[in-house]
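Working notes, structure below.
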Amino acid sequence: MRGLSLIVASGDGARLYAALETAMAAAALGGRVRMFVQGEAVALLRAPAGFAGDAARRAAGQPDLAQMIEEAAAMEVELIACQSGLALAGLTAGDLVPGARMGGLVGFLAAMDDEERLVAY
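The sequence shown begins at 1 in the UniProt record's numbering and counts up one residue at a time.
Structure follows, in structure tokens:
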């Protein structure tokens, strides 16, 4: 399976959740998956992770955002937090959820190969 790179550019927790679902599905199919969380969206990676939709998801028997991030990391989905987004949110790398690392958009794009797909949320 071709690799998949995802960019999450919105601070909407539902978008990050959907991107994680897509990332995990691609990882389950054997593809390399990377997520770049950009701008205001980086605040969603503050430990402990969560968003307003978590209670409804738990009530429906679905994992919450923190569980999704943990499961994605266990599936080797790379989670990269934008350096500029960290500054915007007043965060440091130490504030991030386990498994997330800091990086820049140029490095993220430079690491793509010619066969990799790019999706933005």
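Ideal placement from N, C-alpha and C gives every residue a C-beta, glycine not left out. These figures come from a predicted structure and were not determined experimentally.
Residues bridged to residue i (per DSSP)
i	result
phenylalanine 36	Ile7 and Ile80
arginine 101	Ile80
leucine 96	Arg46
Counted within 10 angstroms of its Cβ, other Cβ atoms place residue i as buried (16 or more) or exposed
i	result
glutamate 78	buried
leucine 65	buried
methionine 35	buried
Cut-off 8 Å between Cβ atoms - residues of its own chain near residue i, not counting five sequence neighbours on either side
i	result
methionine 68	Tyr17, Leu20, Glu21 and Met24
Three-state secondary structure (DSSP) of residue i
i	result
alanine 120	strand
Cβ-based neighbour list, residue i, same chain, cut-off 6 Å, excluding 5 preceding and 5 following
i	result
leucine 118	Ser5
### Message
When you compare the segment 5–13 with the segment 38–45, are there three or more beta-carbon pairs, one atom per stretch, that lie closer than 8 Å?
### Response
Contact between the segment 5–13 and the segment 38–45 is present: 3 or more CB-CB pairs across the two stretches fall below 8 Å.
### Message
Under 8 Å, with one C-beta from each stretch per pair, do the segment 18–26 and the segment 68–88 reach the 3-pair mark?
### Response
In the pairwise beta carbon analysis, the segment 18–26 is classified as touching the segment 68–88: at least three pairs are separated by under 8 Å.
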